[in-house]
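Written out below as structure tokens is the structure these notes cover.
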Amino acid sequence: MRRSVFRLQKLKPQKAVNSNVLGHHVCSFHTSCTRQRVLTLDTMNPYVKNMEYAVRGPIVIRAGEIEAELKSGVIKDFKDVIRANIGDCHATGQRPLTFLRQVVALCTDPDHLMRNPEYPDDAKERARRILNDCGGNSIGAYSDSAGVRVIREDIAKYIKERDGHPSNPDDIFLCTGASDGIKTIMKLLMTGKDGAERAGVMIPIPQYPLYTATIAEYNAYPINYYLDEDNAWSLHASELRRSLNEARKHCIPRALVIINPGNPTGQVLSRANIEEIIKFAKEENLFLMADEVYQHNVYAEESTFHSFKKVLMEMGPEYKDMELASFMSTSKGFMGECGFRGGYCEVINLEPPVKAMQVKSISAKLCSSVSGQVAMDVVVNPPKPGEPSYDLFMKEKNLVLGQLKQKAGLVAETFNSMERLSCNPVQGAMYAFPQIYMPEAAKEAAKKRGISPDALYCFDLLESTGICVVPGSGFGQKPGTFHFRTTILPPVDKLKEMMERFKKFHTGFMQKYK
Numbered sequence: 001m002r003r004s005v006f007r008l009q010k011l012k013p014q015k016a017v018n019s020n021v022l023g024h025h026v027c028s029f030h031t032s033c034t035r036q037r038v039l040t041l042d043t044m045n046p047y048v049k050n051m052e053y054a055v056r057g058p059i060v061i062r063a064g065e066i067e068a069e070l071k072s073g074v075i076k077d078f079k080d081v082i083r084a085n086i087g088d089c090h091a092t093g094q095r096p097l098t099f100l101r102q103v104v105a106l107c108t109d110p111d112h113l114m115r116n117p118e119y120p121d122d123a124k125e126r127a128r129r130i131l132n133d134c135g136g137n138s139i140g141a142y143s144d145s146a147g148v149r150v151i152r153e154d155i156a157k158y159i160k161e162r163d164g165h166p167s168n169p170d171d172i173f174l175c176t177g178a179s180d181g182i183k184t185i186m187k188l189l190m191t192g193k194d195g196a197e198r199a200g201v202m203i204p205i206p207q208y209p210l211y212t213a214t215i216a217e218y219n220a221y222p223i224n225y226y227l228d229e230d231n232a233w234s235l236h237a238s239e240l241r242r243s244l245n246e247a248r249k250h251c252i253p254r255a256l257v258i259i260n261p262g263n264p265t266g267q268v269l270s271r272a273n274i275e276e277i278i279k280f281a282k283e284e285n286l287f288l289m290a291d292e293v294y295q296h297n298v299y300a301e302e303s304t305f306h307s308f309k310k311v312l313m314e315m316g317p318e319y320k321d322m323e324l325a326s327f328m329s330t331s332k333g334f335m336g337e338c339g340f341r342g343g344y345c346e347v348i349n350l351e352p353p354v355k356a357m358q359v360k361s362i363s364a365k366l367c368s369s370v371s372g373q374v375a376m377d378v379v380v381n382p383p384k385p386g387e388p389s390y391d392l393f394m395k396e397k398n399l400v401l402g403q404l405k406q407k408a409g410l411v412a413e414t415f416n417s418m419e420r421l422s423c424n425p426v427q428g429a430m431y432a433f434p435q436i437y438m439p440e441a442a443k444e445a446a447k448k449r450g451i452s453p454d455a456l457y458c459f460d461l462l463e464s465t466g467i468c469v470v471p472g473s474g475f476g477q478k479p480g481t482f483h484f485r486t487t488i489l490p491p492v493d494k495l496k497e498m499m500e501r502f503k504k505f506h507t508g509f510m511q512k513y514k
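Read in order, the letters of the sequence shown correspond to residues 1 to 514 in the numbering used here.
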């Protein structure tokens, strides 16, 4: 190719047409050419430009730079960066569950590992069952677009045992993490129109940035409703109604998103609260989207996880036909298997023609990662009492959840001991979302730097201590309030060290801007 281009440059164009053709070829290989590029910031999809994803934003980029500086020998007041910006369990030191990894390994290399006596029989039995339902008995084959059938059957059984109500495997599709399932359902809800005819999606504030990013990407309208920080981040129907009424002139409201347990706020909704939300959604004819990926992460003694499907089914016949999509993931809970990108969505009460369109939509992606599907199967079909792996599995699971409960209490207690900082109890999930009562001088300093006050706080925290957290502005917050989100994932000793660094920084920050 290089030689042919060279010859083209040597030739003298003899006709106008040839000159244009030659010019086109030469320009393709020379950056000095004035030919306009197809993609520029002005010509690219404007909705992609509008997307923001705070948990991997500029502060996280700076954290990576600091890690490189430390590695190269730059001396700082701290020896390492503590990444508390994202719920990536294994990256912070959590060990994989033995049984889950055994089943995935057996499915990956059955020819060798099925003969290995170190692998327990219950792991081998599960692997054989999955492989027998895969093309060519291999997880290297595409699965059905909705996922391996026996895995969907196991998910349906898990949901039935959890809720006490039937679940249909045909209402379930496996996805590349819960995020992929959320985007699939949200795409169905779009109107394909602009302006006041756009789809409106109700989302909590604070919220997980996936929702604002997807709403921007799909040219939808975010209908923000505020959680009540003064009452442990609870949710009130009156606030839902206020936000919906204010948004009607901007969009066509289509869906209501609930994150329970909450991210970034860590609250767990009561059953009464869920019933109130379902009644509101029915009155306003809204599609319910229940993000329930933290359903195993409940720490407060007074809190219990209730799935939206369970509550909806038990509220009476007038609610049983409501459209509801529920989402689950391998990335959270006690598993923390983020890298497998395993997840599922159960969507009920779709009209048959719409269900056909939903199936078509996921078919265009062929299928989700089959190894991720295997990991999801272990989550919903763990070892049972009496099986060889049960005792070890329960020991590992309880250790993870017990430490998370301990860390949830430690983080909230430490933050509440600091001046001009308050934190609600971490009832569930993996995060705390403290409020900083920002001094006026700090607000002025942030204004001069062209950043929000909570971003100033988080950048200074990172540079001073190596702790990487995310400004509350990336999740949304009531105007005039300032927060940050931190995970509770580092090991207990590391988390205690992180809290000590935090206290020292916070005291200095408040003295500096007093």
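Every residue gets a Cβ at the ideal spot worked out from N, C-alpha and C, and that includes glycine.
Close Cβ partners of residue i (< 6 Å) along its chain, the five nearest in sequence each way excluded
i       : result
Val-201 : Ile-215, Ala-220, Ala-255
Leu-401 : Phe-334
Ser-234 : Asp-228
Ile-66  : Val-81
Gln-102 : Tyr-119, Ala-123
Ser-28  : Confidence in Ser-28 is poor, its pLDDT being 47 and thus under 50, which makes the residue's placement too unreliable to answer from.
His-90  : Gly-336
Lys-79  : none
Gly-372 : Phe-340, Arg-341, Gly-342
Gly-192 : none
Lys-332 : Val-293, Tyr-294
Same chain, Cβ closer than 8 Å to residue i, neighbours up to 5 away in sequence not counted
i       : result
Phe-393 : Leu-97, Thr-98, Phe-99, Pro-382, Pro-383
Gln-406 : Val-492
Arg-7   : Note on Arg-7: pLDDT 35, under 50, position unreliable in the model; no value is reported.
Asn-416 : Ser-422, Cys-423
Glu-537 : Since the displayed the chain opens at 1 and closes at 514, residue 537 lies outside it and no answer follows.
Lys-514 : Pro-439, Ala-441
Gln-237 : Checking the sequence shown, residue 237 turns out to be Ala, not Gln. Result list for Ala-237: Glu-276, Ile-277, Lys-279, Phe-280, in chain order.
Ala-412 : Cys-423, Asn-424, Pro-425, Val-426, Ala-432
Chain-order list of residues whose beta-carbon lies under 7 Å from that of residue i (same chain, five-residue window excluded)
i       : result
Leu-456 : Ala-442, Ala-445, Ala-446, Arg-449
Ile-185 : Met-289, Ala-325, Cys-345, Val-347
Ser-167 : Ala-156, Ile-159, Lys-160, Glu-346
Lys-279 : none
Ile-130 : Cys-107, Val-148, Val-150, Ile-151, Val-374, Asp-377
Gln-403 : Val-492
Thr-507 : none
Bridge-paired residues (DSSP) for residue i
i       : result
Asp-171 : Partner(s): none; Asp-171 has no beta bridge.
Gly-480 : In DSSP, Gly-480 forms no bridge with anything.
Tyr-221 : Gly-200
Cys-468 : Arg-83
Leu-324 : Leu-288, Ile-348
Ser-422 : Gln-435
Where residue i sits in the DSSP three-state scheme
i       : result
His-506 : helix
Val-347 : strand
Leu-532 : Here the chain covers residues 1 to 514 and nothing more, so residue 532 does not appear.
Ala-429 : coil
Ala-290 : strand
Met-394 : helix
Tyr-158 : helix
Tyr-299 : coil
Arg-457 : The sequence as given places Tyr at residue 457; Arg does not occur at that position. In this structure, Tyr-457 counts as helix in the three-state DSSP scheme.
Tyr-211 : helix
Ala-247 : helix
Asp-377 : helix
Gln-94  : coil
Met-498 : helix
Ala-487 : According to the sequence provided, residue 487 is Thr. The question's Ala does not apply to it. Thr-487: strand per DSSP, three-state reduction.
Tyr-226 : strand
Gly-342 : strand
Arg-151 : Note on identity: in this sequence residue 151 is Ile, with Arg being the wrong assignment. Looking at Ile-151 - three-state DSSP - the assignment turns out to be helix.
Ile-205 : strand
Ile-139 : coil
Gly-23  : Reliability fails at Gly-23, whose pLDDT of 44 lies under 50, so the model's placement of it is uncertain and the value that follows must be treated cautiously. Looking at Gly-23 - three-state DSSP - the assignment turns out to be helix.
Pro-253 : strand
Ser-369 : coil
Ser-28  : Confidence at Ser-28 is low in this model, with a pLDDT of 47, below 50, so its placement is unreliable and the value that follows should be read with caution. Note: Ser-28 maps to helix in three-state DSSP.
Thr-176 : strand
Ile-182 : helix
- request: Tell me, please, whether the segment 37–46 touches the segment 433–442 by the rule of three or more beta-carbon pairs shorter than 8 Å.
  value: No, the segment 37–46 is not in contact with the segment 433–442.
query: Is it true that the segment 296–309 meets the segment 141–152, where meeting means three or more beta-carbon pairs spaced less than 8 Å apart?
result: no
- prompt: For the 8 Å Cβ check, are there 3 or more pairs between the segment 482–489 and the segment 454–474?
  reply: yes
query: Within the chosen definition, does the segment 191–201 reach the segment 235–250 through at least 3 CB pairs nearer than 8 Å?
result: Touching, per the Cβ criterion.
- request: List in chain order: all unbroken alpha helix (DSSP H) runs of 4+ residues lying wholly within the segment 98–126.
  value: 98–108, 110–113
At least three beta-carbon pairs within less than 8 Å, the segment 372–382 to the segment 126–134: yes
query: Are there three or more Cβ pairs, one per stretch, closer than 8 Å when the segment 360–367 is compared with the segment 138–148?
result: Yes: at least three Cβ pairs fall under 8 Å.
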